[in-house]
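*Asks:* Below is one structure. I have some questions about it.
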DNA sequence: CTATAAGATTCATTTAAAATGCATCTTATG
DNA sequence: CATAAGATGCATTTTAAATGAATCTTATAG
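Chains as they are written, first to last, in my numbering: chain A, 1457 to 1607; chain B, 1457 to 1607.
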């Protein structure tokens, strides 16, 4: 049960931008250097985020990346849903390719769906402003429920 | 966001056993045939389940696999937690190997932990008897919340 | 109008994890 | 002792993800 590094980097890139002072512009190279990660990979991450409408990119000298909306208007659930490639927890989630013979009278699928919705519901409660710790909704994040337990 | 096929097969194997009439014994080959999957892979799945105490295996002629406990006493959350290899949603979940520089003042981790706990909490509500649709707690499963939505 | 700094796009390669296959060992029954 | 079962270890294949490299497009400065 993992998210791809692609999704991880998408979130990190957004957090990086969210924390910049006005006008909130940074280049891909700058962010790749900061995180010491492959610039090539980050280029694709930036592209995907731009295509999904989370960031705006400007080419040419003086260009770079900026949030397309204020951080408090970017939901974390939305980002994950649009970035994570494969949300099929198990084979039977994808009807066209399913091979499992239990499909008709098995409640595992319904249960896993419910669990996945619970997962996404939590992410939907928070925004990029929360993740970047910008103060908006920050009081929510100091509640016990937001403290990392050992699973 | 996927579970491994290994986990998927673990659950399917348990459901298969849960549905057998007394004494609930089946061979690995029988289950592999039924699901038309690699017997080799299923051998390892069966092994893992036996090591975790979910099933009992008996060697030799007339041997096979059986549930080690009644289906209603096997929690789905427990199975997933013990079967899924890697529960680190993102890099920073694993402190020793973490490289992310945001770690100190980023609430993404706390949020993802909360989401993961919400996910597991749902699975913890249900047992193998529910998944196998054996009637126990079945009324719970017909509630709207258990109906598969589109994420 | 050219040099340069940026992102966009495409294709190829590498890596790592998962899945699969094969051979051999152990155990139990008739 | 033959056979049917699971157990174990090693090798191979497959797949998705990650990474790398080359080229294209766009914008700005001088």
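For each residue, glycine too, the CB sits at the ideal point set by N, CA and C.
For clarity, every value in this text was computed on a predicted model and none was experimentally measured.
(1) Who are the neighbours of residue 1464 of chain A on chain B, taking C-beta pairs under 7 Å?
(2) Per DSSP, what kind of secondary structure is residue 1551 of chain A in: helix, strand or coil?
(3) So that I know if they touch, is there some Cβ in chain A lying closer than 8 Å to that of residue 1592 of chain B?
(4) Does residue 1517 of chain B pass the burial test, meaning 16 or more other C-beta atoms within 10 Å, or should it be called exposed?
(5) Applying the criterion that 16 or more other CB atoms from any shown protein chain within 10 Å of the CB defines a buried residue, is residue 1595 of chain A buried or exposed?
(6) Is DSSP giving residue 1523 of chain B helix, strand or coil here?
(7) Does any C-beta atom of chain B lie closer than 8 Å to the C-beta of residue 1476 of chain A?
(8) Taking Cβ positions, are residue 1572 of chain A and residue 1538 of chain A nearer each other than 8 Å?
(9) My assumption, with CB atoms under 8 Å, is that residue 1544 of chain B sits in contact with residue 1492 of chain A. Please give the rounded CB distance.
(10) So which residues of chain B does residue 1495 of chain A contact, with C-beta pairs closer than 7 Å?
(11) For the beta strand (DSSP E) containing residue 1512 of chain B, list its first residue and its last residue.
(12) Could you spell out where the alpha helix (DSSP H) holding residue 1492 of chain B opens and where it closes?
(13) Taking 8 Å as the limit between beta carbons, can you name the residues of its chain near residue 1476 of chain A, skipping five residues before and five after?
(14) Name, please, each residue of chain A whose Cβ falls closer than 7 Å to the Cβ of residue 1525 of chain B.
*Replies:* Concretely, from the data shown:
(1) Mapped onto the first chain, residue 1464 of chain A falls at position 8. Below the 7 Å Cβ cutoff, chain B contributes 1546, 1547 as neighbours of residue 1464 of chain A, in chain order.
(2) Residue mapping note: residue 1551 of chain A aligns to position 95 of the first chain, counting from 1. Secondary structure at residue 1551 of chain A: helix, using DSSP grouped into helix, strand and coil.
(3) Position 136 of the second chain holds residue 1592 of chain B. Interpretation of residue 1592 of chain B is limited by its pLDDT of 48, a score under 50 that renders its predicted location unreliable; the figure taken from the coordinates is listed afterwards. Taking Cβ atoms only, chain A never reaches closer than 8 Å to residue 1592 of chain B, which makes this a no.
(4) As a working note, residue 1517 of chain B is residue 61 in the second chain. In the assembly as shown, residue 1517 of chain B is an exposed residue. Its beta-carbon has fewer than 16 other beta-carbons within 10 Å.
(5) What you label residue 1595 of chain A is simply residue 139 of the first chain in a count that begins at 1. Because the pLDDT at residue 1595 of chain A is just 45, under 50, the model does not fix this residue reliably, and the value given afterwards should be weighed accordingly. Exposed, since its Cβ has fewer than 16 Cβ neighbours within 10 Å.
(6) Taking the first residue of the second chain as position 1, residue 1523 of chain B is located at position 67. Strand.
(7) Here the question's residue 1476 of chain A lines up with position 20 in the first chain. Under the 8 Å criterion on CB atoms, residue 1476 of chain A is classed as non-interfacial with respect to chain B.
(8) Against the first chain, residue 1572 of chain A aligns to sequence position 116. Against the first chain, residue 1538 of chain A aligns to sequence position 82. With a cutoff of 8 Å on beta-carbon distance, residue 1572 of chain A and residue 1538 of chain A are scored as not near each other.
(9) Position 88 of the second chain, counted from the start, is the residue given in the question as residue 1544 of chain B. Position 36 of the first chain, counted from the start, is the residue given in the question as residue 1492 of chain A. Taking the Cβ atoms as the reference, residue 1544 of chain B lies roughly 19 Å from residue 1492 of chain A, outside the contact range of under 8 Å.
(10) In the first chain, the residue the question calls residue 1495 of chain A occupies position 39. Going along chain B, no residue has its Cβ under 7 Å from residue 1495 of chain A, so there is no contact; the nearest lies around 16 Å.
(11) Here residue 1512 of chain B refers to the residue found at position 56 when the second chain is read from its first residue. Unbroken beta strand (DSSP E) run through residue 1512 of chain B: 1511–1514.
(12) The residue labelled residue 1492 of chain B in the question sits at position 36 within the second chain. Run containing residue 1492 of chain B: none; DSSP gives neither H nor E here.
(13) Indexing the first chain from 1 puts residue 1476 of chain A at position 20. If the five residues before and after residue 1476 of chain A are omitted, its C-beta is found closer than 8 Å to the C-beta atoms of 1482, all from its own chain and listed in chain order.
(14) Sequence index remark: in the second chain, residue 1525 of chain B carries index 69 (1-based). The premise fails here: residue 1525 of chain B is roughly 18 Å from chain A at the closest Cβ pair, so nothing lies under 7 Å.
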